[in-house]
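Right, one structure below, let's go through it.
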Amino acid sequence: MSELPDGDVHTSSIWGLDPDWTLLFFGWLIASASTLGSLFFSYVMEFAPCVLCWYQRICLFPLVIILARGLFPLDRHVVKYALPLTAAGWLLAAYHCLLYAKWVPASMQPCGKGVSCTEEYLELFGFLSIPFLSLISFTALMSILIALKRRSPE
Amino acid sequence: MKRILFAATCLVLIAGFFLGASYYKTWRAAELGFMAQEHASTFVRPHSPTLGSDDAKVYIVKFTDPACETCASFSPFVKQAMDASPGQIKFVIRYAPFHEGADEVVRILEAAKRQGKFWETLELLYRRQATWTRHHRVLLGEVWPLLPEVGLDVERVKVDMRDPRIAAVLEQDLADAEALGVRKTPGFFVNGKPLEPFGPRPLAELIKAEIREQYPE
Numbered sequence: 001m002s003e004l005p006d007g008d009v010h011t012s013s014i015w016g017l018d019p020d021w022t023l024l025f026f027g028w029l030i031a032s033a034s035t036l037g038s039l040f041f042s043y044v045m046e047f048a049p050c051v052l053c054w055y056q057r058i059c060l061f062p063l064v065i066i067l068a069r070g071l072f073p074l075d076r077h078v079v080k081y082a083l084p085l086t087a088a089g090w091l092l093a094a095y096h097c098l099l100y101a102k103w104v105p106a107s108m109q110p111c112g113k114g115v116s117c118t119e120e121y122l123e124l125f126g127f128l129s130i131p132f133l134s135l136i137s138f139t140a141l142m143s144i145l146i147a148l149k150r151r152s153p154e
Numbered sequence: 001m002k003r004i005l006f007a008a009t010c011l012v013l014i015a016g017f018f019l020g021a022s023y024y025k026t027w028r029a030a031e032l033g034f035m036a037q038e039h040a041s042t043f044v045r046p047h048s049p050t051l052g053s054d055d056a057k058v059y060i061v062k063f064t065d066p067a068c069e070t071c072a073s074f075s076p077f078v079k080q081a082m083d084a085s086p087g088q089i090k091f092v093i094r095y096a097p098f099h100e101g102a103d104e105v106v107r108i109l110e111a112a113k114r115q116g117k118f119w120e121t122l123e124l125l126y127r128r129q130a131t132w133t134r135h136h137r138v139l140l141g142e143v144w145p146l147l148p149e150v151g152l153d154v155e156r157v158k159v160d161m162r163d164p165r166i167a168a169v170l171e172q173d174l175a176d177a178e179a180l181g182v183r184k185t186p187g188f189f190v191n192g193k194p195l196e197p198f199g200p201r202p203l204a205e206l207i208k209a210e211i212r213e214q215y216p217e
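Keeping their order, the protein sequence lines are chains H and A. For the first sequence, my numbering gives the first residue as 1, with consecutive numbering after it. For the second sequence, my numbering gives the first residue as 1, with consecutive numbering after it.
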């Protein structure tokens with residue numbers, strides 16, 4: 001990496017960190033915080049996870065390890081492996097939100113038995129439901145990975 | 001630098017998780033303690049089957065599912081505690097039939113209560129649980145032949161269990177289980193304090209602590 005343009009100082013200068021590395025680090029941080037958050041919901045608050053929640057976790061949990069692996073040493077190819085998982089997770093989260101908000105009819109629900117996917121566990125500040133939290137995480141992760149992809153030379 | 005930042009972040013995240021967990025548990029226990037004082041009826045309803053002296057100051061509330069194996073295996077621990085402190089413990093049964101079909105078995109228990117055979121029937125169902133449950137499902141057909149063992153009039157049970165008052169009992173217990181955050185069975189509360197962590201030894205310790213507090217020597 002050569003000299004950075006003036007507009008791009010905020011991520012690079014303070015500790016001398018490479019901006020791509022910092023971006024990826026934030027992606028890893030979001031994945032880790034979301035993973036711990038989902039574990040907190042099920043093991044501390046004892047909310048039973050529904051089927052859709054498990055599918056989203058399948059996309060989320062590996063990112064903690066994959067993104068961390070891409071940090072040491074910085075490997076921009078990590079995007080190639082992490083982005084499909086993130087995209088799948090984002091689609092599932094989006095579908096879950098639609099279901100939760102009753103914009104998709106309940107008959108299309110994949111989970112008839114066990115915990116209902118529209119079960120209301122938590123509404124932080126009146127609008128932050130668990131599926132919405134998931135959607136926010138996946139959206140942030142996707143933006144970071146796409147940004148990294150655009151910045152890479154090839 | 002990067003490695004230190006990474007390692008420090010890992011530590012902060014993990015520490016945050018455990019601090020959050022301990023904070024949440026303390027907060028939850030305090031909230032339940034408050035509920036035990038202000039809304040004692042959420043823990044014990046007039047319809048709830050109880051065992052032990054009315055003067056007892058230590059209430060053990062057990063949210064149970066007759067089809068739940070762990071509930072059955074906890075049954076002797078409560079008995080041991082009651083034998084160890086005669087007259088000081090009152091045991092309350094609440095229903096949380098989370099297994100498929102277990103609500104029917106709860107209806108049978110309530111009908112057995114009308115014949116004065118509640119505790120005998122509960123004990124029988126726990127003891128013979130393996131014969132009437134398979135893969136966490138209730139085989140109701142296997143329950144009927146067991147009932148005469150404790151002297152129940154099965155035909156009367158079949159009529160009584162359809163009483164809408166029994167449906168109301170079930171509904172109330174499930175609503176209270178939800179209000180108290182019982183999502184797994186058995187759900188124990190000793191004078192409103194939830195069993196945390198779960199296990200026979202923590203239960204014995206919780207009961208002992210509560211007896212020491214209520215009956216100082």
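Note that CB positions come from ideal geometry on N, CA and C, so glycine has one too.
Whole angstroms is fine: what's the gap from residue i's alpha carbon to residue j's?
| i | j | result |
| --- | --- | --- |
| residue 211 of chain A | residue 29 of chain A | 18 Å |
| residue 167 of chain A | residue 71 of chain H | 59 Å |
| residue 91 of chain H | residue 135 of chain H | 9 Å |
| residue 77 of chain A | residue 138 of chain H | 47 Å |
| residue 98 of chain A | residue 102 of chain H | 26 Å |
| residue 44 of chain H | residue 6 of chain A | 25 Å |
| residue 118 of chain A | residue 54 of chain A | 18 Å |
| residue 25 of chain H | residue 68 of chain H | 8 Å |
| residue 31 of chain H | residue 13 of chain A | 11 Å |
| residue 159 of chain A | residue 113 of chain A | 13 Å |
| residue 67 of chain A | residue 23 of chain H | 52 Å |
| residue 18 of chain H | residue 140 of chain H | 20 Å |
| residue 199 of chain A | residue 62 of chain H | 32 Å |
| residue 65 of chain A | residue 29 of chain H | 41 Å |
| residue 149 of chain H | residue 193 of chain A | 53 Å |
| residue 27 of chain A | residue 123 of chain H | 18 Å |
| residue 71 of chain A | residue 216 of chain A | 31 Å |
| residue 95 of chain H | residue 34 of chain H | 18 Å |
| residue 187 of chain A | residue 81 of chain H | 44 Å |
| residue 174 of chain A | residue 73 of chain H | 54 Å |
| residue 203 of chain A | residue 10 of chain A | 34 Å |
| residue 86 of chain H | residue 156 of chain A | 59 Å |
| residue 81 of chain A | residue 19 of chain A | 33 Å |
| residue 146 of chain H | residue 20 of chain H | 12 Å |
| residue 128 of chain A | residue 136 of chain A | 14 Å |
| residue 133 of chain H | residue 164 of chain A | 42 Å |
| residue 111 of chain H | residue 39 of chain H | Note that residue 111 of chain H has pLDDT 45, beneath the 50 cutoff, so the model's placement of it is unreliable and the number below is only indicative. Distance between the alpha carbons of residue 111 of chain H and residue 39 of chain H: 21 Å. |
| residue 56 of chain A | residue 85 of chain A | 10 Å |
Could you work out which residue in the options is closest to residue i when comparing CA atoms only?
| i | options | result |
| --- | --- | --- |
| residue 93 of chain H | H:58, H:47 and H:68 | H:58 |
| residue 129 of chain H | H:27, H:62 and H:97 | H:97 |
| residue 190 of chain A | A:174, A:177 and A:205 | A:205 |
| residue 102 of chain A | A:134, A:209 and A:48 | A:134 |
| residue 125 of chain A | A:116, A:142 and A:115 | A:142 |
| residue 64 of chain H | H:131, H:47, H:48 and H:83 | H:83 |
| residue 51 of chain H | H:131, H:40 and H:73 | H:131 |
| residue 121 of chain H | H:60, H:147 and H:42 | H:42 |
| residue 179 of chain A | A:164, A:83, A:96 and A:81 | A:96 |
| residue 115 of chain A | A:177, A:152 and A:162 | A:152 |
| residue 152 of chain H | H:47, H:79 and H:54 | H:79 |
| residue 171 of chain A | A:3, A:4, A:25 and A:47 | A:47 |
| residue 90 of chain A | A:50, A:100 and A:122 | A:50 |
Which residue marks the beginning of the beta strand (DSSP E) containing residue i, and which one marks its end?
| i | result |
| --- | --- |
| residue 143 of chain A | Run containing residue 143 of chain A: none; DSSP gives neither H nor E here. |
| residue 208 of chain A | Where residue 208 of chain A is concerned, there is no enclosing beta strand (DSSP E), although the alpha helix (DSSP H) it sits in stretches over 200–214. |
| residue 192 of chain A | Neither: residue 192 of chain A is in no beta strand (DSSP E) and is coded neither H nor E. |
| residue 90 of chain A | 89–95 |
Starting from residue i, trace the alpha helix (DSSP H) both ways and give me its first and last residue.
| i | result |
| --- | --- |
| residue 158 of chain A | 154–160 |
| residue 58 of chain A | Looking at the DSSP string, residue 58 of chain A is not in any alpha helix (DSSP H); the run it does join, the beta strand (DSSP E), is 58–64. |
| residue 76 of chain H | Counting along the chain, residue 76 of chain H falls outside any alpha helix (DSSP H), and DSSP gives it neither H nor E. |
| residue 120 of chain A | 118–127 |
| residue 45 of chain A | Counting along the chain, residue 45 of chain A falls outside any alpha helix (DSSP H), and DSSP gives it neither H nor E. |
| residue 71 of chain A | 69–84 |
| residue 104 of chain A | 102–114 |
| residue 36 of chain H | 19–39 |
| residue 139 of chain H | 130–151 |
| residue 40 of chain A | Per DSSP, residue 40 of chain A belongs to no alpha helix (DSSP H) and is neither H nor E. |
| residue 197 of chain A | Looking at the DSSP string, residue 197 of chain A is not in any alpha helix (DSSP H), and its letter there is neither H nor E. |
| residue 169 of chain A | 164–179 |
Mind reading off the beta-carbon distance from residue i to residue j? Whole number of angstroms is fine, and I expect it under 8 Å.
| i | j | result |
| --- | --- | --- |
| residue 207 of chain A | residue 106 of chain A | 25 Å between Cβ atoms; not a contact. |
| residue 17 of chain A | residue 36 of chain H | 5 Å |
| residue 93 of chain A | residue 62 of chain A | 6 Å |
| residue 89 of chain H | residue 56 of chain H | 5 Å |
| residue 120 of chain A | residue 150 of chain A | 4 Å |
| residue 138 of chain A | residue 132 of chain A | 7 Å |
Comparing the C-beta of residue i with each C-beta of chain D, is any distance below 8 Å?
| i | result |
| --- | --- |
| residue 42 of chain A | Reference to chain D is not applicable here, since the protein chains of this structure are H and A. |
### Query
Of the residues that make up the stretch 17–30 of chain H, which ones have a beta carbon closer than 9 Å to any beta carbon in chain A?
If the cut-off is 9 Å between Cβ atoms, the stretch 17–30 of chain H has 17, 18, 21, 25, 28 and 29 near chain A.
### Query
What residues in the stretch 29–48 of chain H have a beta carbon less than 7 Å from any beta carbon of chain A?
29, 32, 33, 36, 40, 44, 45, 46 and 48
### Residues, ordered as in the chain, of the stretch 65–94 of chain H that lie near chain A by beta-carbon distance below 8 Å
68, 71 and 72
### Query
Between the stretch 17–31 of chain A and chain H, which residues of the former have a C-beta closer than 8 Å to a C-beta of the latter?
17, 20, 21, 24 and 25
### Query
Between the stretch 111–140 of chain A and chain H, which residues of the former have a C-beta closer than 7 Å to a C-beta of the latter?
none
### Query
If you measure beta-carbon to beta-carbon, which residues of the stretch 54–71 of chain A are closer than 8 Å to chain H?
none
### Residues from the stretch 150–165 of chain A in contact with chain H, defined by Cβ distance under 9 Å
none
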